[in-house]
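Working notes, beginning with the structure itself.
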């Protein structure tokens, strides 16, 4: 394994809300990418990190269906 001169840091962890009755719940009209973007924004605001200093974001995604099944992490 090659060594790296660029250390990695875990800054924070957040998650999006989960509602009942996905198709008809309160969040049914909110696109998953918008929920994810709100999570990323919250990490930046809470931590005070400079967004320009971020090279990568690790983003987990489950339960994607239909038109929302694309690469949500990239879209966020």
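Numbering (my numbering), first residue to last: 1 to 76. Using N, Cα and C, we set each Cβ at its ideal position, and we do this for glycine too. Quantities reported herein were computed from a predicted structural model and do not represent experimental measurements.
According to the DSSP assignment, residue 34 belongs to the alpha helix (DSSP H) that extends over 32-47. DSSP places residue 13 outside both helix and strand once states are collapsed to three, so it counts as coil.
DSSP, reduced to helix, strand and coil, places residue 62 outside both helices and strands of the structure shown, so it counts as coil. Rounded to the nearest whole angstrom, the CA to CA distance from residue 5 to residue 49 is 20 Å.
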